[in-house]
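Enquirer: Under my numbering, the first residue of the sequence shown is numbered 92, with each subsequent residue one higher.
Glycine included, every Cβ here is placed at the ideal spot set by N, Cα and C.
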Amino acid sequence: MSSLFFNNEFINSVIKSYLEANLREYNSIKYAYAIMSKINPANFTIISNKTEWFEFYTANNYQFIDPVLISTSRRVTPFVWDENIKNGSGLKHPNIFDMAKNYNVINGYTFVLHDHNNNLVVLSLIMDDACDENIEEIIKENQHKLQMLLITVHDKLTALYHETE
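(1) May I have the straight-line CA-CA distance separating Val-223 from Asn-118, to the nearest angstrom?
(2) Using C-beta distances below 6 Å, list every residue in its chain close to Val-196, excluding the 5 sequence neighbours before and after it, in chain order.
(3) Would you grab the beta carbon distance between Gln-154 and Met-127 for me? Rounded to a whole angstrom, and I think it's under 8 Å.
(4) Cβ of Ala-125 within 7 Å of Cβ of Val-213?
(5) Whole angstroms are fine: how far does the CA of Asp-246 sit from the CA of His-253?
(6) For Ala-125, write down the residues that DSSP places opposite it in a beta bridge.
(7) Excluding five sequence neighbours on each side, which residues of the same chain lie with their C-beta closer than 6 Å to the C-beta of Lys-107?
(8) From which residue to which residue does the alpha helix (DSSP H) around Phe-170 run?
(9) Is Met-239 helix, strand or coil when you go by DSSP?
(10) Quick one: Cα of Asn-208 to Cα of Lys-129, how far?
(11) Which value, in whole angstroms, describes the spacing of the CA atoms of Asp-206 and Leu-248?
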């Protein structure tokens, strides 16, 4: 992974605070805002409030085999996922979900953005045991707000990084 790919800790902490403020109404939701270069997928950054899992995920370069991330590369609409999601070749990757279960990552809802810098950007909301029972319904009712949050967050992030150039 490039050491320069969205790695400014101060900017990333500003974005994390912004996300947490805007996701507060979803009661204990865990999230991952991820940016991956489509040209070089090794350039990958995650900002999340579920740091233990995503540190493990990043250290093992799971972005290369994650069926959720692979699915986002071919779509523009949000979608719900669980351990039964398949990659583009129709194969399941049980290994990644076996690992994820150890961190209580079982299912979620992912919002997708393809930006003008050839990056794939996602906001994944992880629906775990700490969430409200009707969290999936709440997310579906607010898809438009959550998609706009992803767009706004990414615009804010890229503007902040542009200012530091």
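Expert: With the structure as the only source:
(1) If you number the sequence shown from 1, residue 223 lands on position 132. If you number the sequence shown from 1, residue 118 lands on position 27. For clarity, residue 223 is Asp in the given sequence; the question names Val instead. Rounded to the nearest angstrom, the two C-alpha atoms are 7 Å apart.
(2) Residue 196 sits at position 105 when you count from the first residue of the sequence shown. In its chain, beyond the 5 residues on either side, Trp-144, Ile-217 have a beta carbon closer than 6 Å to the beta carbon of Val-196.
(3) For the purposes of this step, residue 154 is identified with residue 63 of the sequence shown, where counting begins at 1. For the purposes of this step, residue 127 is identified with residue 36 of the sequence shown, where counting begins at 1. At roughly 6 Å, the Cβ-Cβ gap stays under 8 Å, so Gln-154 and Met-127 are in contact.
(4) For the purposes of this step, residue 125 is taken as residue 34 along the sequence shown, with counting starting at 1. For the purposes of this step, residue 213 is taken as residue 122 along the sequence shown, with counting starting at 1. Closer than 7 Å, so yes.
(5) As a first step, residue 253 must be located in the sequence shown, where it is residue number 162. As a first step, residue 246 must be located in the sequence shown, where it is residue number 155. Taking C-alpha positions only, His-253 is separated from Asp-246 by approximately 10 Å.
(6) Here residue 125 corresponds to residue number 34 of the sequence shown, with the count starting at 1. According to DSSP, which records beta bridges pairwise, Ala-125 is partnered with Ile-137, Val-213.
(7) Counting from 1 along the sequence shown, the entry for residue 107 is found at position 16. The beta carbon of Lys-107 sits closer than 6 Å to the beta carbons of Ile-138 from its chain, once the five residues preceding and following it are set aside; these are given in chain order.
(8) Position 79 of the sequence shown, counted from the start, is the residue given in the question as residue 170. Bounds of any alpha helix (DSSP H) do not take in Phe-170; it lies within the beta strand (DSSP E) bounded by 170-173.
(9) On the sequence shown, position 148 is the one that residue 239 refers to. DSSP places Met-239 in helix when its eight states are reduced to three.
(10) Residue 208 sits at position 117 when you count from the first residue of the sequence shown. Residue 129 sits at position 38 when you count from the first residue of the sequence shown. Answer to the nearest angstrom: the Cα atoms are 9 Å apart.
(11) Start at 1 with the first residue of the sequence shown, and residue 206 comes out as number 115. Start at 1 with the first residue of the sequence shown, and residue 248 comes out as number 157. Cα-Cα distance, rounded: 12 Å.
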